[in-house]
Amino acid sequence: MLSLSDFWRRHRRKIFITTGVLGGGYLLYKLYDSQRRIADLDRQQCEHDELLKAQMQAHYEEVQRIADATTLPHAMHYLSIRIAEELDLSPLTDKLLRGKEQPYTLSSSEKLELWDRLKILSFTKLVVALWAVTMVSLYIRVQVNILGRHLYIDTARGLGSSDLPEDADLIDRDDQQKFLASVDYLANYGMQAMISNVQAAADEALKGKQLRDIFNTAVLHETFMQILEVFMSMGSPHQWVDFLMPQDIRFYKLVTASGHDETTLSGATKFDELMVETRAVLSRFVHHTCFGKLYST
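Using this note's numbering, read the sequence shown as starting at 199 and increasing by one per residue.
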């Protein structure tokens, strides 16, 4: 016991120093190990984020490819057919041709009335075609961005991202197809109301113009912009969105229900969410500015 206490007394300081050095070394090692672990976690998170970005880009490009290859050409082709059906000028031109071949079949006042109607409907068809093509293209671009974002969220959830809400619903293929098919709403349901407004605008803008007036490129452009101005001033600022998509999603689901075996009309679905989001995005566009600038140059 004496030798042990004597040893402790003589080497106590050395023991304390050695213990302190070993303890400090251990703490430094633990600090280094924790920093290394944090660095590894940061690197793994960066790799995970890069993977998510790559997946998002792949999803977006796929949706964009589908839109460019199928949705956009189909929508434009069907739109042109519907415009030709709703604004068929051939009955008027046939009557005028028959009146030219058989001068006594039409009186001067009847010919004048036919020419005036042809003038109004020709400008109506021009404005309808340009407006519809532009707005449907915009609608499809908005669709692609919204759908691409939702697909990214689904992909991120599938890869286990903790930054996303647990209760977010995945978008299924049926909802995707219904959402992309909604681009035909204008051609199927909004066309007649839109044509009626454009025709009223054309009638208003062309009141002071005579059949004998010369229509060069500058006058044609000016007339087109006048019709467009009158058309865009009709109704509420966001009335143009109602031509592109339904105000009440339940109505659209009712009128399209015959094409699906099952249609849920109660409760919000992912399709409802996509449509509401699309309306919100479109409603933020200043129609007069974005469309007017497009055709003012």
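Built from N, CA and C at the ideal position, the CB exists for glycine as well.
The model shown is predicted, which means the values in this text are computed figures rather than measured ones.
9 Å Cβ cutoff met for residue i and residue j
| i | j | result |
| --- | --- | --- |
| A327 | M389 | no |
| A400 | F321 | yes |
| E427 | A403 | yes |
| I279 | A385 | yes |
| Q262 | T476 | no |
| M473 | S380 | yes |
| Q397 | I344 | no |
| L294 | L316 | yes |
| Y350 | Y227 | no |
| A267 | D382 | no |
| M161 | F441 | Outside the modelled stretch of the chain, which goes from 199 to 495, sits residue 161, for which no answer is possible. |
| V325 | F429 | yes |
Contact set for residue i: own chain, Cβ-Cβ below 8 Å, skip 5 residues either direction
| i | result |
| --- | --- |
| G218 | none |
| L290 | L312, R315, L316, L319 |
Minimum C-alpha distance to residue i - residue among the options
| i | options | result |
| --- | --- | --- |
| A265 | V428, R339, R296, M432 | R339 |
| K251 | G346, V396, T476, A416 | G346 |
| L277 | R211, A478, I393 | I393 |
| F377 | L226, M443, I318 | M443 |
| K405 | I412, T421, H272 | T421 |
| S434 | N395, Q233, D240, D411 | N395 |
Helix, strand or coil at residue i [DSSP, three-state]
| i | result |
| --- | --- |
| R482 | coil |
| I351 | helix |
| D370 | coil |
| A466 | coil |
Same chain, Cβ closer than 6 Å to residue i, five either side skipped, listed in chain order
| i | result |
| --- | --- |
| K323 | L285 |
| H348 | I369 |
| L304 | G297 |
| V479 | V340 |
Contacts around residue i, its chain only, beta-carbon distance under 7 Å, and the 5 residues preceding and following it disregarded
| i | result |
| --- | --- |
| H436 | S481 |
Any C-beta of chain C under 9 Å from that of residue i
| i | result |
| --- | --- |
| A327 | Chain labels in this structure do not include chain C; a single protein chain is all it has. |
Check: residue i C-beta below 8 Å from any heavy atom of the ligand HEM
| i | result |
| --- | --- |
| S431 | In terms of ligand content, the structure shown is empty, and the ligand HEM therefore cannot be addressed. |
Unbroken stretches of the beta strand (DSSP E), 3 residues or longer, contained in the region 385-453: none
Segments of 4+ residues assigned as alpha helix (DSSP H) that fall wholly inside the region 248-301: 270-284, 288-299
In chain order, each beta strand (DSSP E) run of at least 3 residues that lies wholly inside the region 299-328: none
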